[in-house]
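Visitor: Would you mind keeping the following structure in view while I ask a few things?
Number of protein chains: 2
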Amino acid sequence: MSNIFNIETKNGKQYGILFIYILHSINKLPKTGYDLITEIKEKTEGTWVPSKGTIYPLLKHLQEENFIIIKQIGERSKQIFMITDEGKKTLSNAKKYGCQMEENFLKFRRLVSEIVEFKNEEIIELMYNIRMLSVSKSKIKDDEVRYILDNCVNDLKKI
Amino acid sequence: MSNIFNIETKNGKQYGILFIYILHSINKLPKTGYDLITEIKEKTEGTWVPSKGTIYPLLKHLQEENFIIIKQIGERSKQIFMITDEGKKTLSNAKKYGCQMEENFLKFRRLVSEIVEFKNEEIIELMYNIRMLSVSKSKIKDDEVRYILDNCVNDLKKI
DNA sequence: ATAATACCGTTCGAAACCGAAATATTTTTA
DNA sequence: TAAAAATATTTCGGTTTCGAACGGTATTAT
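Dropping the structure here:
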């Protein structure tokens, strides 16, 4: 399942979603490993809670690769990490491929739709197209996308 | 990341997405391990390709648990699997919790959207409504749902 | 004042999955 | 006609992630 949540840049480098999220989050505000676990848990309402056995080794690795450094050490061996210039560059580069991740996820989700949602393959495909188009077109004309989706909701309600 | 791709039934049983997909797909048409790998690869356009090392042991396990049996053996040691009554029951039971996985996806997706800087909560919410309405309304009037979704796709394409 | 909980990090065995290598046969391509 | 590709399965070492156990301190609840 690695391809679904990985980004692969031009030079063949692969970054997992946790790798990217850590850089993304620390870029916004320096924080601890404990903070990151808590934040992800809250933001996904408990559906994704990376293990300590995953977070702490990965933070150490990010340090070794010079993407982050320890900004300060507080009480209880608290280690507050901050992003480096190298980390910012890597994050920025990875985000260029963010739509790749989005598309992969939507493709995977389409398969899941077949199992748990719709029996009609045509509707599955239509839903997939709406999702894909919404993401790409909203970058151009956000308002129009929202208007169209809102109309769709209203039409569906009338059934 | 187990919660995102698992369904957990009332009695605490957990089923992975691959487990469920295999039962779902074989329920529709008996097939081989090779067929399953190929099918998943095609349907997700290459974003998810379970490994042979994953599929074949899992098929063996499903057999041992009496969810599937070998319907026939063809050329090249081809093993065609079909679902059992026990398998159908388990599949049916798991599908009842399908919406659980959908909810998890939505929550996880919000985090992914933050990373890729697709910040439009309103569009995500509208998409969620469209999906919910489509599921429920398609049970009543499949044709009308398809018509409305098709119109939506066409409108989005015009942007 | 004490116990429970929350806040911190480290580490390693187990589980799940991957991917390569191996084996084999049939079909397609050059 | 021979080579390449596709169809098939098995297996196992390696990788990734988890989760439990461990160690520790500060805060909150009883």
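Line by line, the protein sequences are chains G and V. Going by my numbering, the first residue of the first sequence is number 983, and it counts up by one from there. Going by my numbering, the first residue of the second sequence is number 983, and it counts up by one from there. Glycine included, C-beta positions come from ideal geometry on N, C-alpha and C. These numbers were taken from a predicted model, which means no experiment stands behind them.
Measuring only from the beta carbon, is Ile1122 (chain V) closer than 6 Å to any heavy atom that is part of the ligand HEM?
Guide: Looking at this structure, you won't find the ligand HEM or any other ligand, since it has none at all.
Visitor: How about the stretch 1085–1103 of chain V and the stretch 1014–1028 of chain V: do they share at least three Cβ pairs that are nearer than 8 Å?
Guide: Verdict: no, contact absent.
Visitor: In the DSSP assignment, find the beta strand (DSSP E) that holds Gly998 (chain G) and state where it starts and stops.
Guide: Where Gly998 (chain G) is concerned, the enclosing beta strand (DSSP E) stretches over Gln996 to Gly998.
Visitor: Give the straight-line distance between the Cα atoms of Ile1055 (chain V) and Thr1014 (chain V), rounded to the nearest whole angstrom.
Guide: Approximately 10 Å, taken between the alpha carbons.
Visitor: Check whether the stretch 1057–1076 of chain V touches the stretch 1055–1067 of chain G, counting contact only when three or more Cβ pairs, one atom from each stretch, lie closer than 8 Å.
Guide: Result no; under three Cβ-Cβ pairs closer than 8 Å.
Visitor: So is Ser1007 (chain V) buried or exposed if we call it buried at 16+ other beta carbons inside 10 Å?
Guide: Ser1007 (chain V) should be labelled buried.
Visitor: Give the residues of chain G in contact with Phe1087 (chain V), contact being defined as C-beta atoms less than 8 Å apart.
Guide: Here the neighbours are Arg1091 and Val1094.
Visitor: Shortest alpha-carbon distance to Thr991 (chain G) belongs to which of G:Leu1011, G:Gln1082, G:Leu1005 and G:Asn1133?
Guide: Nearest of G:Leu1011, G:Gln1082, G:Leu1005 and G:Asn1133 to Thr991 (chain G), Cα basis: G:Gln1082.
Visitor: Answer yes or no: does any C-beta atom of chain G fall closer than 7 Å to that of Lys1010 (chain V)?
Guide: Judged by the 7 Å Cβ criterion, Lys1010 (chain V) is not in contact with chain G.
Visitor: How about His1006 (chain G): is its C-beta nearer than 7 Å to some C-beta of chain V?
Guide: Yes, His1006 (chain G) lies at the interface with chain V (some Cβ there is under 7 Å from its Cβ).
Visitor: Using only CA atoms, which one of V:Pro1012, V:Phe1100, V:Asp1125 and V:Lys1123 lies nearest to Ser1116 (chain G)?
Guide: With distances taken between Cα atoms, Ser1116 (chain G) lies closest to V:Phe1100.
Visitor: With Ile1130 (chain V) as the anchor, note down where its alpha helix (DSSP H) starts and where it stops.
Guide: Segment Asp1124 to Lys1139, the alpha helix (DSSP H) holding Ile1130 (chain V).
Visitor: Can you have a look at Leu1138 (chain V) and say buried or exposed, based on whether 16 or more other CB atoms are within 10 angstroms of its CB?
Guide: Buried is the call here.
Visitor: Out of G:Tyr1016, G:Lys1034, G:Leu1088 and G:Tyr1079, state which residue places its alpha-carbon closest to the alpha-carbon of Arg1058 (chain G).
Guide: Considering only alpha carbons, the answer is G:Tyr1016.
Visitor: Starting from Glu990 (chain G), follow its DSSP beta bridges and name the residues at the other end.
Guide: DSSP lists G:Gln996 as partners of Glu990 (chain G).
Visitor: Is there a Cβ of chain G sitting closer than 7 Å to that of Lys1123 (chain V), yes or no?
Guide: Judged by the 7 Å Cβ criterion, Lys1123 (chain V) is in contact with chain G.
Visitor: Does Thr1029 (chain V) pass the burial test, meaning 16 or more other C-beta atoms within 10 Å, or should it be called exposed?
Guide: Thr1029 (chain V) comes out buried.
Visitor: Mapping the DSSP letters down to three states, classify Lys1121 (chain G) as helix, strand or coil.
Guide: It is coil, neither helix nor strand.
Visitor: Got a sec, what are the start and stop residues for the beta strand (DSSP E) Met1064 (chain G) sits in?
Guide: From DSSP, the beta strand (DSSP E) with Met1064 (chain G) extends over Gln1061 to Ile1065.
Visitor: Contact check, Ile1105 (chain G) vs Val1127 (chain V) under 8 Å by CB: the rounded distance?
Guide: At roughly 6 Å, the Cβ-Cβ gap stays under 8 Å, so Ile1105 (chain G) and Val1127 (chain V) are in contact.
Visitor: Among the residues of its own chain, which have a CB less than 7 Å from the CB of Ser1033 (chain G), if the five just before and after it don't count?
Guide: Here the set comprises nothing.
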